[in-house]
Amino acid sequence: MPRFLIVVALTLPVSGRGHCTLDGKASHHDLGTEAVQAMSKSAAQPSWQESLFLSIPSNSSARASLEYITSKPHVAGTVGDLHMAEYVRDSFRREGITAELDPQKVLLTYPIRSALQLVDSTGRVVSAAKLAEDVLQEDNTSDTWWRNHTFNAFSPSGDVTAPVVYANFGLPEDFAALKAAGVDVRGTIALMRYGKCFRGLKAMNAQKAGALAAAIYSDPEQDGYAQGSVYPYGPWRPESSVQRGSIQFISLCAGDPTRAYAPHGKSVEELCGYSREELIPQIPVLPISYGDAAIFLDSLGGKEAPASFKGALNITYRTGPTQMQYKVRMQVDNHFQSSPVWNVVGKIPGTLPADLDQPVLLGNHRDAWVYGAADPNSGTAQLLEVAKGLGELLRRGWRPLRSIYLCSWSGEEYGLLGSTAWGEVNGDGPGALLKRALAYLNVDVGVSGAHFRAAGTPSLAQLLSGVLGQVHHPASQKPLSEHWSGRLYSLGSGSDYTVFIDRLGIPSLDMSFTPGEAHYGVYHSVYDSFNWMATEGDPNFTYHVAMSQVWGLTALRLAGSDDRGNLPLPLNLSIQAQAISSYIAEAKQTLNHTAPERVLRFEPLEQATAAFLQAADKSSEEADRLRKLGPPAFDEIVAFNNKIGLLERSFLMESGLPGRKWFRHCLQAPGLYTGYAAKTLPGITEAISAKDWQLAQAQIQACAERIWSAASALSDVGLVIAV
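In case it helps, mature numbering (1 follows the signal peptide of the UniProt record, and there is no 0) puts the sequence shown at residues -16 to -1, 1 to 707.
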């Protein structure tokens, strides 16, 4: 048995609660609309540099950039990916920004061929999946080699003939429900639908349950006709559309599962605690459309599925297995290779001396599953608009106080490969670039709808509120702050912020415009194209402009301006302390739901948080005092900024989370069985879900120590840790 299965059984949760989309049930800190309005109104008015920057992003140039980037496929590691890397690098350079390619060697997989067939007892093919996305006359880029080669990255090759069992979303409780109903998954092909958790965890759970192979489809209930009109007549997923994607076990460890680039000579086992074989599936996995899935769902026998298993297809959903006279043959042939992916890193040097610099990082990944007009290249087009605005400021003589890095990552779609490699290489060692990094600002799917959403470190919430007060919503022309709920989601995984917050403790934000609680309809398909964006996603490209303005203005306020001198950093640690209190309340709710009769001592955590809140409030008073003094207090401000700018590192646990040593942040991490969505106080809540009470109490103490450490760093005194 692979080692990770033993760890899961002993120390990690079996409930699988949570969602891969940022919905109202995901972990978050709710600032409230009134607080957002108050913070946005009290924020400073734009300086001349900021006003000039806000005037630069344009819908026509964002449109032109996106049209070019989506003119050819650019899957990670391919010639198209290198071409687009050079395009981004050259675009930075045209704005006067120093930029270079940063190749990182990683493990990649590509499809050769696949088949999925319903066969009778003699082996005769009764019906077969098309495994191809239709060419649409309305979409002039839909006829590409990639439409006939849908695949899941890191799936091994295999040829399996077996009955099919329908396992709903592939969550642990779904497999438990099948077992309770007398349905044996062992020796079968598990058919699951997308939603509720990261696809790699569906594969992990199917493998753990004894399946020989797995297929994953997009049910129209999640993002197809049940949501509205399908593309090209609306934004939702059509019948032949397939969601590609990585099936790496991302919540165990992010990044290249081989660590082919060998950061500082460390192996994947040293960094992650797992071997390559434990981080990717050992059974073949294939993504399919709901048009293809209907063939195999309709062939199932067994009991009618429970209501929670039923989607929107016009069939009777059954658990399976496949009717006695039939089996399913699944063939997957994928090629594994180690090759480079190309990050692009642009730099605008700050005027502070190197030993005082606190770099601000902006990042978006560039590689896509085929064209990626929304995911991720709406964000890439916005990054280029930010570069244009910063370039114009440079031409006018502006210089940032702190260095600004513009990062275009590759390999994100395979498992955050490029950003993780760069973060690990530059995160450790004497003089490491990221040792003093102030913040990481991520935009991935910049635009797929009209609703602004943000996930991030709570200390950045006040800054974000102020920025939203200066940018207008494209539909209403009112400040975006009036459209934001004030719900700041916790950071889990699934995008490039992961290494920065979870591994390195750098405050991070992830921002987007979304259609609401569902994924947009053409996610990870050939139809995530320029035509979809130009007709459905953002026809006027006004949301592209708004996100460029939010992203760039946030960076400007963090980086500061040389002509205004050094000022206290715009971090609100009191909001951070209040958020921790809400995390404790959430952990208590988890305990009450899991084992209401059980008592855990939360007092160490509560006492540490109270001390941190007191120290945070005093630091806010100190910031106000220093802000009034201005340049004469330069040395005091430097000391203050050093203190609060590095504070997030206090929450890192050197040994990492139980069973997941790569994830070191004690306040949030991706849930083991969600992959995308965060768990707050993860070491505590996951031990509670696993009913490991000794571990839960130990994790309460361990996290309390980290919060005491943060309080002590703010107070400049040693505080006694409550036991």
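C-beta: ideal position from N, C-alpha, C; glycine also.
CA-CA distance, residue i and residue j?
i: Gly450; j: Trp382; result: 22 angstroms
i: Gly8; j: Asp428; result: The predicted position of Gly8 is uncertain, since its pLDDT is 41 and thus under 50; a value taken from the coordinates is nonetheless stated next. Answer to the nearest angstrom: the Cα atoms are 20 angstroms apart.
i: Ser696; j: Glu632; result: 13 angstroms
i: Pro216; j: Ala160; result: 39 angstroms
i: Leu6; j: Ser105; result: Confidence in Leu6 is poor, its pLDDT being 35 and thus under 50, which makes the residue's placement too unreliable to answer from.
i: Met637; j: Thr578; result: 26 angstroms
i: Gln366; j: Ser11; result: 27 angstroms
i: Gln501; j: Asp14; result: First, the amino acid is wrong: residue 501 is Glu here, not Gln. For Glu501 and Asp14, the distance between alpha carbons rounds to 17 angstroms.
i: Val312; j: Asp143; result: 11 angstroms
i: Tyr389; j: Leu377; result: 15 angstroms
i: Gln191; j: Leu641; result: 24 angstroms
i: Thr17; j: Leu553; result: 24 angstroms
i: Gln678; j: Ala22; result: 43 angstroms
i: Ile234; j: Ile485; result: 15 angstroms
i: Ser469; j: Arg183; result: 29 angstroms
i: Arg260; j: Leu91; result: 10 angstroms
i: Gly521; j: Leu66; result: 26 angstroms
i: Arg611; j: Ser604; result: 10 angstroms
i: Ser460; j: Glu581; result: 51 angstroms
i: Met314; j: Pro271; result: 11 angstroms
i: Ala539; j: Arg302; result: 52 angstroms
i: Arg228; j: Ala113; result: 16 angstroms
i: Gly478; j: Cys650; result: 18 angstroms
Which of helix, strand or coil does DSSP assign to residue i?
i: Tyr507; result: coil
i: Lys572; result: helix
i: Cys4; result: Caution is warranted here: a pLDDT of 33 is assigned to Cys4, below 50, making its placement in the model unreliable, and no coordinate value can be reported.
i: Ile628; result: helix
i: Pro552; result: coil
i: Glu587; result: helix
i: Val144; result: strand
i: Glu254; result: helix
i: Met308; result: coil
i: Phe182; result: coil
i: Tyr301; result: coil
i: Gln366; result: helix
i: Phe484; result: helix
i: His457; result: coil
i: Pro523; result: coil
i: Ile272; result: strand
i: residue 711; result: Any answer about residue 711 is impossible in this case: the structure gives the chain only from -16 up to 707.
In the DSSP output, which residue or residues are listed as bridge partners for residue i?
i: Ser230; result: Ala137
i: Leu175; result: Tyr150, Ala199
i: Tyr389; result: Lys331, Leu345
i: Thr664; result: Gln652
i: Tyr424; result: Leu345, Ser492
i: Lys89; result: Pro324
i: Asn318; result: Pro95
i: Val534; result: In DSSP, Val534 forms no bridge with anything.
i: His13; result: Leu472
Give the C-beta separation of residue i and residue j to the nearest angstrom, bearing in mind that I take them to be a contact with Cβ-Cβ under 8 angstroms.
i: Phe76; j: Ala69; result: Not quite, the Cβ-Cβ distance comes to about 11 angstroms (not below 8 angstroms), so this is no contact.
i: Ala423; j: Leu345; result: 7 angstroms
i: Ala662; j: Ser474; result: 4 angstroms
i: residue 764; j: Asn515; result: This structure does not reach residue 764, given that the chain is present from -16 up to 707, and the question cannot be answered.
i: Val510; j: Val354; result: 5 angstroms
i: Gly375; j: Ile81; result: 6 angstroms
i: Gly505; j: Pro219; result: 5 angstroms
i: Lys186; j: Gly154; result: 3 angstroms
i: Val214; j: Ala195; result: Not quite, the Cβ-Cβ distance comes to about 30 angstroms (not below 8 angstroms), so this is no contact.
i: Ala151; j: Ala174; result: 5 angstroms
i: Gln88; j: Val325; result: 6 angstroms
Please report whether the beta-carbon of residue i lies at a distance below 9 angstroms from any beta-carbon of chain C.
i: Ser432; result: Of the protein chains in the structure, only one exists, and it is not chain C.
The region 590 to 600 in contact with the region 550 to 563 per 3-pair CB rule at 8 angstroms: yes
Meets three-Cβ-pair contact criterion under 8 angstroms: the region 273 to 286 and the region 186 to 202: yes
Any 3 or more C-beta pairs closer than 8 angstroms across the region 495 to 509 and the region 528 to 543: yes
Contact between the region 133 to 142 and the region 90 to 101 (3+ Cβ pairs under 8 angstroms): yes
contact_flag[the region 535 to 553, the region 563 to 572] where n(CB pairs < 8 angstroms) is 3 or more: no
Stretch-stretch touch, CB-based, cutoff 8 angstroms, three pairs: the region 355 to 370 with the region 399 to 415: no
contact_flag[the region 101 to 115, the region 305 to 324] where n(CB pairs < 8 angstroms) is 3 or more: yes
Three-pair Cβ contact test at 8 angstroms for the region 515 to 525 versus the region 113 to 127: yes
Sufficient close CB pairs (3 or more, under 8 angstroms) joining the region 285 to 298 to the region 38 to 47: no
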